[in-house]
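In UniProt numbering, the protein residues as written are 1 to 163. Ideal Cβ positions, reconstructed from N, Cα and C, are used throughout, including at glycine. Just so we're clear, the structure is a prediction, and the values are computed from it rather than from any experiment.
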């Protein structure tokens, strides 16, 4: 497993939002369906930049418990500062920060393992999590319903443990 440390500038995404339980999305494939729905509406987003790159952003509540707590998922695209969300979409800003980044390629149904690997790497490093969010960065638009073809960069915000 190769984890890179990357500094990312402040940026904003516009996309579709879902609040769900982890088990619900696994059983009903809610996140892949949301990503697919967003991909079909991508052309509605004026001011989209860095295409074909898109994002899957998760936001956990404080003290998140995966078995009982809802979390937020946003399927989106990076936009220019003056872009306005189309009807039914939202805007979300991500701060300038440092991220631990892990590349995942393989079966989407095993992608959850990448989350566990990155959490473990962080806990065994000189870093700690610096937020209750993270994101998947997709370098091309593809159907997330294609179960064997996941390819993304998983980002978790981090900071040095001594700061």
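Discussion item. Just to confirm the assignment, what range does the beta strand (DSSP E) spanning residue 133 have?
Written reply: Residue mapping note: residue 133 aligns to position 133 of the chain shown, counting from 1. Its beta strand (DSSP E) spans residues 133-138.
Worksheet entry | Whole-angstrom distance between residue 27 and residue 91, CA atom to CA atom | By 1-based counting over the chain shown, the position of residue 91 is 91. By 1-based counting over the chain shown, the position of residue 27 is 27. Cα-Cα distance, rounded: 27 Å.
Worksheet item: How close, in whole Å, do the beta carbons of residue 55 and residue 76 come, if the pair is a contact with beta carbons under 8 Å?
Response: Translated into positions along the chain shown, residue 55 becomes position 55. Translated into positions along the chain shown, residue 76 becomes position 76. Rounded, the Cβ-Cβ distance is 5 Å, consistent with contact.
Discussion item. Taking a contact to mean a Cβ-Cβ separation below 8 Å, would you say residue 47 touches residue 82 in this structure?
Written reply: Within the chain shown, residue 47 is the residue found at index 47, counting from 1. Within the chain shown, residue 82 is the residue found at index 82, counting from 1. Closer than 8 Å, so yes.
Discussion item. So residue 102 and residue 118 are supposed to be a Cβ contact under 8 Å. How far apart are they, rounded?
Written reply: Indexing the chain shown from 1 puts residue 102 at position 102. Indexing the chain shown from 1 puts residue 118 at position 118. Indeed, because the Cβ distance is near 5 Å, the residues count as touching under 8 Å.
Worksheet item: What residue ranges within the UniProt domain "AraC effector-binding" (1-159) form continuous beta strand (DSSP E) runs of no fewer than 3 residues, ordered along the chain?
Response: 3-8, 11-20, 54-59, 71-79, 90-94, 97-106, 127-129 and 133-138
Worksheet entry | Residues near residue 63 in its chain [Cβ-Cβ closer than 7 Å; skip 5 each side] | The residue you call residue 63 lines up with position 63 of the chain shown. Here the set comprises nothing.
Practice prompt. Output the distance between the C-alpha atoms of residue 110 and residue 69, rounded to the nearest integer angstrom.
Written response: The residue labelled residue 110 in the question sits at position 110 within the chain shown. The residue labelled residue 69 in the question sits at position 69 within the chain shown. Their Cα atoms are separated by approximately 21 Å.
Item to complete: Alpha carbon to alpha carbon, how far is residue 126 from residue 14? Give it in angstroms, no decimals.
Response: Position 14 of the chain shown, counting from 1, holds the residue named residue 14. Position 126 of the chain shown, counting from 1, holds the residue named residue 126. Going from the Cα of residue 14 to the Cα of residue 126 covers about 33 Å.
Item to complete: Assuming residue 71 contacts residue 58 (C-beta within less than 8 Å), just tell me the rounded distance between them.
Response: Walking along the chain shown from the start, residue 71 turns up at place 71. Walking along the chain shown from the start, residue 58 turns up at place 58. Sure, about 6 Å apart at Cβ, within 8 Å.
Discussion item. Using only the alpha-carbon positions, how far apart do residue 84 and residue 45 sit?
Written reply: Taking the first residue of the chain shown as 1, we reach residue 84 at position 84. Taking the first residue of the chain shown as 1, we reach residue 45 at position 45. Each residue's Cα considered, the two are about 8 Å apart.
Worksheet item: Using the beta-carbon count (16 or more within 10 Å), is residue 155 buried or exposed?
Response: Sequence index remark: in the chain shown, residue 155 carries index 155 (1-based). By the neighbour-count rule (16 or more Cβ atoms within 10 Å), residue 155 is buried.
Worksheet item: What residue from 153, 159, 115 and 160 has the CA that sits closest to residue 53's CA?
Response: What you label residue 53 is simply residue 53 of the chain shown in a count that begins at 1. Of the listed residues, the one whose Cα sits closest to residue 53 is 153.
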